[in-house]
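Protein sequences appear in the order of chains A and B. Residue numbers for the first sequence follow our numbering, so the first one is 21 and each next one is one higher. Residue numbers for the second sequence follow our numbering, so the first one is 680 and each next one is one higher. No residue lacks a Cβ here, since even glycine has one placed at the ideal position from N, Cα and C. What follows is a single structure, written as structure tokens, with notes after it.
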Amino acid sequence: MARISLQLVSQQVVSPRFGNWPLTVIRLRTRTELRQSGGSYTRPLKAILDTGAPLSVLPRSLWQTLDTEIHVAQATFGGISQRKECQIPCAIGTVHLRLCDEAGNVSRVHDVPAFLAKTDRVPLILGFASLMEDLTIHFDYQKPEAWAEEK
Amino acid sequence: MEKEDTVPQWYWDDLEWASEHSTELHQKYHDVWVAIVDKQVAAAARTIRQARKIASQKTGRRPEDIPVEFIESGIVVYGQN
């Protein structure tokens, strides 16, 4: 059973959008290697581990080089706003990835359904489906420590 | 399970550098991908491909060996309605 280190990354945001009230943004991050069309894996990439996301999200420049099965060619996804102009065009497909860390720990390969964005203006997000349902996720911001363990 | 290939330490160093400098990067860049080489931003562009291409041209490092990070503008909630 591989235990893979995760990261809790925080940043301070001061923006007129928020009345210049200083906000601390904390995200849970992992590193992932994605299977490319030739069968090899990418170098590790950082991804947001998002328990609130049903599916993963990949930016276009990234998924176009991957071993990907497309299930739906034309779809959209979006944020809280349901307005049409806030929706992001995408395909829906399956990608193959594994989690890893600097210590050399690596998970098994997960076949993950994902929104394959038709833009690069999205980060790499790993959602729940076919990934977190197979993992134990632990994080404690105060210590700080975070890890994922396969069941 | 052990990994079958080794990621160079310089790659890990560049990958983690962006996390360690998250606040500074978010103050300077908005909604772009930054490419990190030798613990500094070598390029910033709208796409991963473009950021890596510019960074590769500047540094001579292969594009696939250059870590990239998306710098969001402010706070974004990625729902999936």
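With a cutoff of 8 Å on beta-carbon distance, A/PRO64 and A/CYS106 are scored as not near each other.
Of all C-beta pairs linking the segment 144-163 of chain A to the segment 59-78 of chain A, three or more are shorter than 8 Å, placing the two stretches in contact. Nearest CB-CB separation between A/ARG63 and chain B: below the 8 Å threshold. Setting aside the 5 residues that flank it on each side, A/PRO164 is surrounded in the same chain by LEU28, each with a C-beta closer than 7 Å to its C-beta; the list follows chain order. The straight-line gap separating the alpha-carbon atoms of B/ALA734 and B/ASP717 is approximately 11 Å.
In this structure, B/VAL720 lies away from B/ARG731, with their beta-carbon atoms at least 8 Å apart. Out of A/ILE145, A/ASP140, A/HIS158, the CA that lies nearest to the CA of A/VAL132 is found in A/ILE145. B/LYS707 and B/ALA723 have their C-alpha atoms some 11 Å from each other. Between B/TRP712 and A/ASP87, the CB-CB gap reaches or exceeds 8 Å. Interface criterion met: the Cβ of B/TRP691 is under 8 Å from a Cβ in chain A. Taking C-beta atoms as the reference points, B/ILE715 and B/TRP689 fail to come closer than 8 Å. When the alpha-carbon of A/THR114 is set against those of A/ALA93, A/LEU69, A/GLU89, the nearest one is in A/GLU89. Listed by position along chain A, the residues whose Cβ is nearer than 7 Å to that of B/TRP712 are ASP140. Here DSSP, grouped into helix, strand and coil, assigns B/THR738 to helix. Sequence-distant partners of A/ASN125 (beyond 5 residues in either direction) whose C-beta falls short of 6 Å from its own C-beta, in its chain, are ALA22, ILE24. Given a length threshold of 4 residues, the segment 125-155 of chain A has no whole run of the alpha helix (DSSP H) inside it.
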